[in-house]
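Numbering (the numbering used here), first residue to last: -15 to 221. Below: one structure, written as structure tokens.
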Amino acid sequence: MTEPIDILFRDEHLVAVMKPAGLAVHRGWAAAPHYALDLVRDRIGARVYPAHRLDQPTSGVLVFALSPEAARALGDAFATQRVHKRYLALVRGIPAAAELTIDNPVKDDRGVRVSAVTEVVRRWVFRGRYALVEARPRTGRTHQIRRHLKHIACPIIGDTSYGKSEHNRLFRDEFGLRRLALHALALTLPHPRDGAPLTLVAPLPPDLAEPLARIGCPPELLAADMVTDMLTPSPSA
């Protein structure tokens, strides 16, 4: 990918972009021909600082700070769980309840088990064995949503690490889904200037929205304004 990256929001303190699936954030997290950090820097003509991580195969809202001070403020907000995140995922399997909380520790990058909590909301069921779910991670562990959904026997379609190859193949061949079906739809964070809540939304990209439409997903779940009921964090978030 060499085309300019889409900007969702920018002011003097931070910039939020729409990261495509397959694009790594920076060199420290993956070996790739292009990186979001470089594309954003070139697009705005200024140095940028990653505020958080987003897996290479995941699309959606990605935030960069525009100064070391803003980077520290945003980093602290993520570290102290004051950022509320909303993801959409297509999974194989149906969560046992319409809403549930997965509280299951995972190993961090050092191999140490650490706490990890994800809220899951079932949005739509397809063919009686697949579901579109909303995931709300309270913690930010590596591959947390992917690992937690596998933990409840609902791996994400298109996941080559935690999913099932036969289901990934079915959705690729029948519906043209050639990527991980996980999208960072929205996040609400305290602005580094004054702490006021700022909500950032990334509409579903065509490489995910179009296969979901072919599957028969209700149009209201694919529209940009479907996140309006997510923007106020729940008391438990």
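In this text, a Cβ means the ideal position worked out from N, Cα and C, and glycines have one as well. Fair warning: this is a prediction, and the values are worked out from it, not measured in the lab.
Residues bridged to residue i [DSSP beta-bridge criterion]
{"i": "alanine 3", "result": "Alanine is not the amino acid found at residue 3; the sequence shown has lysine there. DSSP, once it has assigned bridges, lists Gly44 as partnering lysine 3."}
{"i": "valine 140", "result": "Note on residue identity: the sequence assigns isoleucine, not valine, to residue 140. DSSP output for isoleucine 140 lists Val75 as bridge partner(s)."}
{"i": "valine 174", "result": "The residue asked about is misnamed: residue 174 is proline in this sequence, not valine. DSSP, once it has assigned bridges, lists Pro181 as partnering proline 174."}
{"i": "threonine 102", "result": "Ile86, Pro121"}
{"i": "phenylalanine -7", "result": "Ala0"}
{"i": "histidine 266", "result": "Residue 266 falls outside the range modelled here, since the chain spans only -15 to 221, and no answer is possible."}
Under 8 Å between C-beta atoms of residue i and residue j
{"i": "alanine 186", "j": "alanine 73", "result": "no"}
{"i": "threonine 249", "j": "isoleucine 86", "result": "No answer is possible for residue 249: it lies beyond the span of the chain, which begins at -15 and ends at 221."}
{"i": "leucine 171", "j": "leucine 116", "result": "no"}
{"i": "proline 195", "j": "leucine 161", "result": "yes"}
{"i": "leucine 182", "j": "leucine 169", "result": "no"}
{"i": "alanine 49", "j": "leucine -2", "result": "yes"}
{"i": "arginine 153", "j": "lysine 69", "result": "no"}
{"i": "alanine 11", "j": "tyrosine 19", "result": "First, the residue type needs correcting, since residue 11 is arginine and not alanine in the sequence shown. For arginine 11 and tyrosine 19, yes; Cβs fall inside 8 Å."}
Cutoff 8 Å: residue i Cβ touching any chain D Cβ
{"i": "arginine 177", "result": "No chain D is part of this structure, which consists of one protein chain only."}
Beta-carbon separation (whole angstroms), residue i vs residue j, contact threshold 8 Å
{"i": "valine 47", "j": "alanine 35", "result": "4 Å"}
{"i": "phenylalanine -7", "j": "leucine 184", "result": "6 Å"}
{"i": "arginine 27", "j": "isoleucine -9", "result": "7 Å"}
{"i": "serine 231", "j": "leucine 192", "result": "Nothing about residue 231 can be read from this structure; the chain reaches only from -15 to 221."}
Does the count of Cβ pairs from the segment 144 to 160 and the segment 127 to 135 closer than 8 Å reach three? yes
If contact is defined by three or more beta carbon pairs under 8 Å, each pair taking one atom from either stretch, is the segment 60 to 76 in contact with the segment 99 to 118? yes
Pairs of beta-carbons, one from the segment -4 to 5 and one from the segment 119 to 131, closer than 8 Å: are there three or more? no
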